[in-house]
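Heads up, the final residue of the sequence shown is numbered 1612 in this note's numbering, and it's a clean run with no missing numbers. Here the structure is laid out as structure tokens; the discussion comes afterwards.
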Amino acid sequence: MRYVKLPKEKVCEFLERLKSMGTLYGPKKISEKFYDFREIGDVKEVEFEYNRTITPPRKYFFPERETVFTFDTVNVEIHETMPEGKPIILFGVHACDIVGLRIMDSRFIDDLPDPYYQIRRENGIIIGLSCLPDEYCFCSVRRTDFVDAGFDLFLHLLPDGYLVRVGTVTGHKLIENSPEYFEEISSEDKDNFAKFETKRRSMFTVQGNWDDMRYRLELHLDHPMYMRESDKCLGCGNCTLTCPTCRCYEVKDLPTLDGTGGERIRFWDSCQFRSHGLVAGGHNFRPTKKDRFLNRYQCKNAYCETTTTSYCVGCGRCTYFCPADIQFKENLLEVYGTGGGA
Ligand code: SF4
Ligand code: SF4
């Protein structure tokens, strides 16, 4: 892997360079408490020290609503509405969210290729950014706090700039074509990188490894935590809509009023909605809140073969944005500790 340094005084110029290559998106502060990935107009709007965004980066490759095709009932034709394939530059993605994108790839590219997702992803450039955990983060026990794939460049904070890891040929070309922004790293930079990493790892409120979490949960499907916590759940779907790896969607045909055509759309769905498990004849596979709640805990703790991590990457969004203050990490720990093992 190649390493270079991006000095602090060159960061804005580098962002301008990225902006000239396509549509630049990055983390922005949007209110007193919240950050979100948004299109960057002025590069000074980019937030470098955010904890988590409301919506996850998957929204740029798998939008919350999109038209799949339009139909013409008069001529009996359909017209696919493929994405244009414009360059998408996503700056400031944390390690856990990069694993989230790799998990999305495993489902939407490796398993059953989805051309809408694939075209956008092939036109995406991902620039990672280091971070320090808050009390909601538990990516280290998920092994998603440090990535060695899924990014073109990854920026690690130094006192006077960033140590940049180059992850792909695209990242390499970015550096080669903009040598004026980068310099060689010094031994002091290497020491500062190591110090940052040591500090970062020591800050997690949970330590260890949750590789066996799935099995611990499966052995206690009747744990009282599920009934107690699902009782509080409002079924709002915030936990899934903000999750970087949730990918359930609904498909609907919307005809025009005159009946001459219409469009087929797909939009994000949530397993926490009662309608999600509803099928023909009014049968519901998950009729109770507890069924839906349990499903999410099982789904998120299953393993993705590609990343060899759980589908939960430990970003903390589902707790941070839950209006009922349901604590995902603490609830998992409660079940994990059943029998005295936590
Ligand atoms: S965000 Fe909280 S209240 Fe809303 S569905 Fe998820 S667990 Fe329930
Ligand atoms: S389940 Fe919660 S903590 Fe895990 S990745 Fe999804 S939003 Fe983040």
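For glycine and all other residues, C-beta sits at the position ideal for the given N, C-alpha and C.
- If you check the C-beta of Pro-1593 against ligand 1, you find a heavy atom less than 7 Å away.
- Spanning the alpha carbons of Tyr-1451 and Ser-1400 requires a straight line of approximately 19 Å.
- The beta carbons of Ile-1455 and Tyr-1273 sit closer together than 8 Å.
- For Glu-1309, the uninterrupted beta strand (DSSP E) run begins and ends at 1305-1309, by DSSP.
- Cβ-Cβ distances below 7 Å link Pro-1593 to Leu-1504, Cys-1506, Asn-1508 in the same chain, with the five nearest sequence neighbours on each side left out; the list follows chain order.
- As for any alpha helix (DSSP H) of minimum length 4 sitting wholly inside the region 1356-1415, the runs are 1365-1375, 1385-1392, ordered along the chain.
- In terms of Cα proximity to Thr-1530, the closest of Gly-1355, Asp-1342, Phe-1304 is Asp-1342.
- The region 1381-1395 makes no contact with the region 1407-1418, as fewer than three CB pairs between them are under 8 Å.
- Buried is the label assigned to Leu-1444, since at least 16 other Cβ atoms lie within 10 Å of its Cβ.
- In the assembly as shown, Tyr-1496 is a buried residue. Its beta-carbon has 16 or more other beta-carbons within 10 Å.
- Between His-1490 and Pro-1449, the alpha-carbon positions lie close to 56 Å from each other.
- Chain-ordered, the residues whose CB falls short of 5 Å from any heavy atom of ligand 2 come out as Cys-1513, Lys-1570, Cys-1582, Val-1583, Cys-1585, Arg-1587, Cys-1588.
- The distance from the Cβ of Phe-1421 to that of Gly-1437 is about 5 Å, consistent with a contact at the 8 Å cut-off.
- Straight-line measurement puts the Cα of Pro-1383 at about 25 Å from the Cα of Gly-1398.
- With contacts defined as CB atoms closer than 8 Å, Ile-1348 and Thr-1293 fail to qualify as a contacting pair.
- The three-state secondary structure of Arg-1587, taken from DSSP, is helix.
- Under DSSP, Asp-1342 takes part in a beta bridge, and its partners are Glu-1347, Gly-1531.
- In the structure shown, the three-state DSSP call for Arg-1272 is strand.
- About 13 Å separates the beta carbons of Tyr-1320 and Tyr-1295, which is beyond the 8 Å limit, so they are not a contact pair.
- Thr-1515 counts as buried, since no fewer than 16 other beta carbons sit within 10 angstroms of its beta carbon.
- The region 1578-1590 makes contact with the region 1359-1379: 3 or more CB pairs, one atom from each, lie closer than 8 Å.
- For Gln-1542, the shortest C-beta to heavy atom distance toward ligand 1 is below 7 Å.
- Leu-1288: member of the alpha helix (DSSP H) spanning 1281-1289, first to last residue.
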